[in-house]
Amino acid sequence: MKLIITLTFCILSTFLSAQEYYSFDKALENPSNCSALILRDLSLDSLSYEVSTLTELTSISLKKNNLTTLPPAIATLKKLTELSAPQNKITVLPRELGKCATLVKLDLEENSISNLPSGFESLQNLTELNLSKNQFTNFPYNLLTCRRLTYLNFSENKFTDLTIRIPPSVSLRELNFSRNQISSFKLNNRADSLETLNLSGNYLEEIAFTGNPTLKTIILNNNQLAKIPDFVYEQKDLETLVISFNPIDEIDLKISNLPHLKTVVLNNTQITEETIKDIKKMTPGVQFKY
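In this note's numbering, the protein residues as written are 10 to 299.
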């Protein structure tokens, strides 16, 4: 009985010491108990420097406000692992953001950000970064020194030409540049981890890919590709290929040399049904969707 009471007390103490707060004023009244601060859709145009007193914070959600920047005081939050501020009006990120050494997930979707501050490369625990629906035209190379970064989303920005070299020290697994305005894309992949490349919804006529052939999923739909890019046939671990809504009119027989291929999506291309049937005979384990 004593053991049960002790365990119950420990569980209850843990629960009480880690609480979510939906009011900044209430959080300030109980700073040592506040582990998550959720201030969504409140028309906030700033966040007070007093956030620095919430020393137990691990998560901040500021979705759908009117923030134009983030408070420099977040640099003092030594336990912060998740910071979410999508659907704001952020144009500039503070240099102090780079001091959030414990940060793991950063979501800044749908703002007006066009570059990353110096010091961003210090976020060595960052694994997920969402910068979709912003104003980037140039790729911020300093983020490729974030060695634990696995997920990077730059969809719906303003990129037109991109040349990227992924160093072997990066753990990047998913790279998303969908729905930009990219007409030229060159990728030198020196990492062993990249599995997913999404370039859908651009203006690509060709793609240059060199380096390690590690891709498992390639998404290229809604471009201007006249043929399946040569690099696709080099990806020996490829499982899924999406090439629909392109003016492609043929498939190279080399596609039968991809041992792990499971799905090819090619609706709204110019590849004839007869050609697809011939390819299917050579790749009996592959599902063709057209």
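Ideal placement from N, C-alpha and C gives every residue a C-beta, glycine not left out.
Close beta carbons around residue i, own chain, < 7 Å, minus the five adjacent residues each side
i           : result
residue 142 : 118, 119 and 165
residue 124 : 149
residue 236 : 257 and 259
residue 111 : 87, 88, 89, 90 and 134
residue 168 : 145, 146, 186, 189, 190 and 191
Close beta carbons around residue i, own chain, < 6 Å, minus the five adjacent residues each side
i           : result
residue 292 : 265
residue 139 : 116, 118 and 162
residue 130 : 151 and 154
residue 183 : 160 and 205
residue 229 : 208 and 252
residue 226 : 205 and 249
residue 50  : 73
residue 113 : 90, 134 and 136
residue 10  : Residue placement at residue 10 is flagged as unreliable, the pLDDT there being 47, under the threshold of 50; the coordinate-derived value follows with that caveat. Contacts found: none.
residue 174 : 197
residue 302 : Any answer about residue 302 is impossible in this case: the structure gives the chain only from 10 up to 299.
residue 170 : 193
residue 274 : 251, 253 and 298
In DSSP terms, what residue i is bridged to
i           : result
residue 272 : 249 and 296
residue 170 : 193
residue 219 : 197
residue 207 : 185 and 228
residue 92  : 69 and 115
Residue i burial status per 10 Å Cβ neighbour count (16 or more: buried)
i           : result
residue 89  : buried
residue 276 : exposed
residue 185 : buried
residue 190 : exposed
residue 233 : exposed
residue 8   : The chain is shown from 10 up to 299; residue 8 falls before or after that span and cannot be answered.
residue 94  : buried
residue 210 : buried
residue 217 : exposed
residue 55  : exposed
residue 177 : exposed
residue 147 : exposed
residue 262 : exposed
residue 212 : exposed
residue 268 : exposed
residue 30  : buried
residue 290 : exposed
Own chain residues within Cβ distance below 8 Å of residue i, not counting five before or after
i           : result
residue 122 : 99, 100, 101, 102, 140, 143, 144 and 145
residue 312 : The shown model of the chain, from 10 to 299, leaves out residue 312, and the question about it has no answer.
residue 66  : 43, 44, 45, 46, 60, 86, 88 and 89
residue 53  : 71, 74, 75 and 76
residue 63  : 36, 37, 40, 43, 46 and 86
residue 127 : 104, 107 and 151
residue 279 : 256, 257 and 258
residue 231 : 209, 210, 211, 253, 254 and 255
residue 242 : 261, 263, 264, 266 and 267
residue 109 : 83, 84, 86, 89, 92 and 132
residue 201 : 177, 221 and 223
Residue i CB to nearest heavy atom of the ligand MG below 8 Å
i           : result
residue 251 : Because no ligand of any kind appears in the structure shown, any question about the ligand MG cannot be addressed here.
Quick one: which unbroken alpha helix (DSSP H) runs of 4-plus residues sit fully inside the segment 28-61? Chain order, please.
When DSSP assignments are scanned along the segment 28-61, the uninterrupted stretches of alpha helix (DSSP H) that are 4 or more residues long and fall wholly within it turn out to be 33-38.
Touching by the beta-carbon criterion (3+ pairs, under 8 Å), the segment 157-173 and the segment 128-137:
Touching, yes.
Residue ranges of each beta strand (DSSP E) run of no fewer than 3 residues wholly in the segment 107-184, ordered along the chain?
The segment 107-184 contains these whole beta strand (DSSP E) runs: 114-116, 137-139, 160-162 and 170-175.
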